[in-house]
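Visitor: Below is one structure. I have some questions about it.
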Amino acid sequence: MGKIVRALSADGSVLCSAINSTDIVNEIFRIHNTTPVASAALGRLATAGCIMGAMLKGEDDKLTLKLNGGGPSGNIVVAADYRVNVKCYAENPQVDLPLKPNGKLDVGGAVGNGLLTIIRDNGDGEPYTGSIPLVSGEIAEDIAAYYATSEQVPTVCALGVLVETDCSCRAAGGVIIQLLPFANPDTVSAIEANVNKLANVSRLFERGLSNMDIANIALEGIEFDAFDELIVEYKCDCTRERVERALITLGENDLFKMLDEQETEGKARELEVNCRFCGRSEIFTEADIIKMMKKAKK
Numbered sequence: 001m002g003k004i005v006r007a008l009s010a011d012g013s014v015l016c017s018a019i020n021s022t023d024i025v026n027e028i029f030r031i032h033n034t035t036p037v038a039s040a041a042l043g044r045l046a047t048a049g050c051i052m053g054a055m056l057k058g059e060d061d062k063l064t065l066k067l068n069g070g071g072p073s074g075n076i077v078v079a080a081d082y083r084v085n086v087k088c089y090a091e092n093p094q095v096d097l098p099l100k101p102n103g104k105l106d107v108g109g110a111v112g113n114g115l116l117t118i119i120r121d122n123g124d125g126e127p128y129t130g131s132i133p134l135v136s137g138e139i140a141e142d143i144a145a146y147y148a149t150s151e152q153v154p155t156v157c158a159l160g161v162l163v164e165t166d167c168s169c170r171a172a173g174g175v176i177i178q179l180l181p182f183a184n185p186d187t188v189s190a191i192e193a194n195v196n197k198l199a200n201v202s203r204l205f206e207r208g209l210s211n212m213d214i215a216n217i218a219l220e221g222i223e224f225d226a227f228d229e230l231i232v233e234y235k236c237d238c239t240r241e242r243v244e245r246a247l248i249t250l251g252e253n254d255l256f257k258m259l260d261e262q263e264t265e266g267k268a269r270e271l272e273v274n275c276r277f278c279g280r281s282e283i284f285t286e287a288d289i290i291k292m293m294k295k296a297k298k
């Protein structure tokens with residue numbers, strides 16, 4: 001699990017959220033067996049998703065971030081909720097690209113040049129969806145651009161993932177700073193002066209800096225208070241019952257067609273469904289499906 005520290009300037013015009021997501025990214029690596037560039041892409045988007053999930057207002061609120069970049073990583077999806085649980089997957093977690101000329105992982109090359117889509121669902125059946133063209137595919141710039149374009153909130157976003165030689169995560173984290181329209185010019189100038197100090201945020205965590213240390217760097221020269229600290233966890237909420245509900249929506253004919261396609265000589269007809277977020281499998285026999293559809297018809 002990780003932690004988020006959130007701080008607010010004394011005049012209420014600046015919100016700063018800092019997270020050490022090293023444990024989250026290591027869980028992503030364990031579940032999805034990601035290559036270094038996939039770990040960086042998933043880790044950065046999941047780190048941003050954690051911070052954005054912490055901004056949700058209601059207990060039933062959920063957030064989905066989708067990168068449809070058209071790159072070799074395929075679509076990348078992160079889901080977070082009000083309780084700051086996060087889960088994610090990439091269509092191709094085994095994507096592997098040469099390092100960029102500066103020696104860094106080519107996250108933008110893996111992601112591509114398509115769209116960033118963010119969906120907010122407060123449980124009322126009418127989720128809000130906003131999309132922007134990707135600025136770079138490096139994710140931090142794209143998150144900042146989304147807030148500026150879709151929500152008209154000036155935002156600074158720094159995200160980073162350092163990968164070990166064994167492909168595990170050495171350090172990961174991020175910071176998001178948002179300014180409200182009434183922020184005074186001195187506050188804006190202070191934020192602008194501090195931005196460059198956050199360019200390698202994962203290196204700062206590698207050096208042992210805490211979330212509060214990161215907030216102090218981000219808000220140097222500004223009076224502020226840290227108002228809460230939240231626990232963050234990689235957690236998938238899939239259950240057999242949720243899988244059943246999803247299967248029922250496919251309809252009886254399609255389900256039995258899928259059974260036919262997976263039929264193996266000498267074995268009982270069954271359907272295996274895998275969760276893309278956690279890798280958990282559920283097996284449904286022909287008898288299970290018959291019972292499930294009878295129950296749905298009632």
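In our numbering, the protein residues as written are 1 to 298.
The C-beta atom is built at its ideal place from N, Cα and C for all residues, glycine as well.
Quick one: what's got a C-beta closer than 7 Å to A158's C-beta in the same chain, skipping five residues either side?
Guide: These residues qualify, in order along the chain: A140, G174, V175, L198, A199 and V201.
Visitor: Report yes if the CB atom of I120 is closer than 7 Å to the CB atom of L63, and no otherwise.
Guide: The amino acid occupying residue 120 in the given sequence is Arg; Ile does not appear at that position. Closer than 7 Å, so yes.
Visitor: Closer than 8 Å is the cut-off here; do at least three beta carbon pairs connect the stretch 132-151 with the stretch 105-116?
Guide: Segments in contact, yes.
Visitor: Could you give the first and the last residue of the continuous beta strand (DSSP E) run that contains E223?
Guide: From DSSP, E223 is part of no beta strand (DSSP E); its letter is neither H nor E.
Visitor: Y128 lies in the beta strand (DSSP E); which residues open and close that run?
Guide: Here the beta strand (DSSP E) through Y128 covers Y128 to P133.
Visitor: The alpha helix (DSSP H) that contains F256, what's its start and end?
Guide: Note, F256: alpha helix (DSSP H), E252 to E261.
Visitor: Are at least three pairs of beta-carbons, each pair with one atom in the stretch 34-44 and one in the stretch 81-100, less than 8 Å apart?
Guide: Touching, yes.
Visitor: Taking the runs of the beta strand (DSSP E) that are 3 residues or longer, which of them lie wholly in the stretch 37-93?
Guide: Those beta strand (DSSP E) runs which fall completely within the stretch 37-93 and span 3+ residues are 62-70, 76-81 and 85-90.
Visitor: Cβ atoms of I24 and I51: under 7 Å apart, would you say?
Guide: The answer is no: Cβ separation not under 7 Å.
Visitor: Give me the DSSP bridge partner(s) of S9.
Guide: For S9, which the question treats as bridged, DSSP gives the partners F224.
Visitor: Return helix, strand or coil for F277, following the three-state DSSP convention.
Guide: Correct three-state label for F277: coil.
Visitor: Exposed or buried, E220, counting other C-beta atoms within 10 Å across all chains shown (16 or more means buried)?
Guide: Per the 10 Å Cβ criterion, exposed.
Visitor: Do A218 and C16 have their C-beta atoms closer together than 7 Å?
Guide: Taking 7 Å as the Cβ cut-off, A218 and C16 qualify as a contacting pair.
Visitor: Using a beta-carbon distance below 7 Å, is L134 in contact with chain D?
Guide: Looking at the structure shown, chain D is missing, and only one protein chain is on hand.
Visitor: Over the uninterrupted beta strand (DSSP E) stretch that includes N113, give me the two end residues.
Guide: G112 to D121 is the extent of the beta strand (DSSP E) around N113.
Visitor: My output table needs one value for I139: the three-state DSSP class, helix, strand or coil.
Guide: DSSP places I139 in coil when its eight states are reduced to three.
Visitor: Are I4 and V156 touching if we call contact CB-CB under 7 Å?
Guide: No.
Visitor: Quick one: give me the first and last residue of the alpha helix (DSSP H) that L204 is part of.
Guide: Segment V201 to E206, the alpha helix (DSSP H) holding L204.
Visitor: Would I132 and T149 be called neighbours here (beta carbons separated by less than 7 Å)?
Guide: Yes.
Visitor: Could you give the distance in angstroms between the alpha-carbon of R203 and the alpha-carbon of A171?
Guide: Distance between the alpha carbons of R203 and A171 is about 7 Å.
Visitor: Using only the alpha-carbon positions, how far apart do E223 and A10 sit?
Guide: The straight-line gap from Cα to Cα measures roughly 6 Å.
Visitor: Just mark N194 as buried or exposed, buried being the case when its beta carbon has 16 or more other beta carbons within 10 Å.
Guide: N194 should be labelled buried.
Visitor: Look up S17 in the DSSP assignment and give the residues it is bridged to.
Guide: DSSP lists R6 and I176 as partners of S17.
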